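First the structure, in the form of structure tokens, and then the observations on it.
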Amino acid sequence: MLAELLTSVRKTEESLRKLREARRLGSSATAAGFSNQTGSLGTVSSDEDKIRHQIYLDADSFSQEVSSIVFLVLVLFATNYVESRILS
Numbered sequence: 001m002l003a004e005l006l007t008s009v010r011k012t013e014e015s016l017r018k019l020r021e022a023r024r025l026g027s028s029a030t031a032a033g034f035s036n037q038t039g040s041l042g043t044v045s046s047d048e049d050k051i052r053h054q055i056y057l058d059a060d061s062f063s064q065e066v067s068s069i070v071f072l073v074l075v076l077f078a079t080n081y082v083e084s085r086i087l088s
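If you read the sequence shown in UniProt numbering, its first letter stands for residue 1, the second for the next number, and so on.
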């Protein structure tokens, strides 16, 4: 699911880049229209960066949570192991 989202974001970014280039190479009237829309296209690119950054933050947070859980499981396992050795 994450890979699909990143692929979709990448394809959207490539499409916008091609659109920008096509508008830059177009007539002066098209170029004037492009200059009026640069802000909105720039915002889209910025939004894509925000999406990537948020995915990174979410993955990092998830990784930390999993590490904490694994650590707790190992502590519980070690505690039970030590107790069973003492009682044996």
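Heads up, the beta-carbon is just placed ideally off N, CA and C, and yes, glycines get one too.
Given the structure is predicted, the values throughout are model-derived calculations rather than measurements.
Could you tell me the distance, in whole angstroms, from the CA atom of residue i to the CA atom of residue j?
i: Y81; j: F71; result: 15 Å
i: E13; j: A3; result: 15 Å
i: S63; j: I69; result: 10 Å
i: S84; j: A78; result: 10 Å
i: A59; j: S88; result: 43 Å
i: L18; j: S61; result: Strictly speaking, residue 18 in this sequence is Lys, with Leu absent from that position. So the two alpha carbons sit approximately 35 Å from each other.
So what's residue i in DSSP terms, helix, strand or just coil?
i: S61; result: helix
i: S88; result: coil
i: R20; result: helix
At a cut-off of 8 Å, would you count residue i as near the ligand COA, judging by its Cβ distance to the nearest heavy atom?
i: K11; result: You won't find the ligand COA in this model; it holds no ligand whatsoever.
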